[in-house]
Amino acid sequence: RVKNHYGQLKEALMETLVCASTNLGGNHQVDLGNRNAGEVQHAKFEESIEKFYTLCDQMELNLRTAIDSQLQGKASQFYTPSSISAPPVDVQKYAHYLTTVRNQVVYAKDIHTALVDAATNMSINTTAMSAMDSSN
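Below is the structure:
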């Protein structure tokens, strides 16, 4: 954030210096008698210097926040007794994985066979019942 404010701060400083030089030129003209004192305007300079100070305050707050954050991180590392790490992930060996997959395939085939047998039995029973109903 400080880098973002740096460009704005530079522009605000340049604007402030331009306004200050304009005011000095106007005051010089008043001193020479070429202008009246009421014709010189100082409002633009006051606005630009206020903008410059506002940006300075924002940069100061951002820098203080960064310093506090860094100090807190350093204190956290110092006062944390041991490093906090995630428990190791239970990794399955490839051979064990293949065995598991084979068992699942066999189980799926058994279920498929059981379902086909049940469907066949239901079909036979339904056909037999239909034949019995027709003969009566």
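Take 223 as the starting number for the sequence shown in this note's numbering and just add one per residue.
The beta-carbon is built from N, C-alpha and C at its ideal position, and this holds for glycine as well.
Here the structure is a predicted model, which is why all the values come from computation and not from measurement.
Give every residue of the same chain whose Cβ lies closer than 6 Å to the Cβ of glutamate 237, excluding the five residues on either side of it in the sequence, and list them in chain order. The count along the sequence shown starts at 1 and reaches residue 237 at position 15. Counting only Cβ-Cβ distances below 6 Å, and skipping sequence neighbours, we find Ser270.
Once DSSP output is grouped into helix, strand and coil, what is the label at glutamine 292? Here residue 292 refers to the residue found at position 70 of the sequence shown. Helix, per DSSP.
Quick check: what's the CA-CA separation for alanine 340 versus methionine 354? Taking the first residue of the sequence shown as 1, we reach residue 340 at position 118. Taking the first residue of the sequence shown as 1, we reach residue 354 at position 132. Their backbone Cα atoms lie some 21 Å apart in a straight line.
First and last residue of the alpha helix (DSSP H) that includes lysine 225? Counting from 1 along the sequence shown, the entry for residue 225 is found at position 3. Start and end: 224 to 254.
So, helix, strand or coil for serine 304, using DSSP? In the sequence shown, the residue the question calls residue 304 occupies position 82. Serine 304 carries a coil assignment under DSSP once its states are collapsed to helix, strand and coil.
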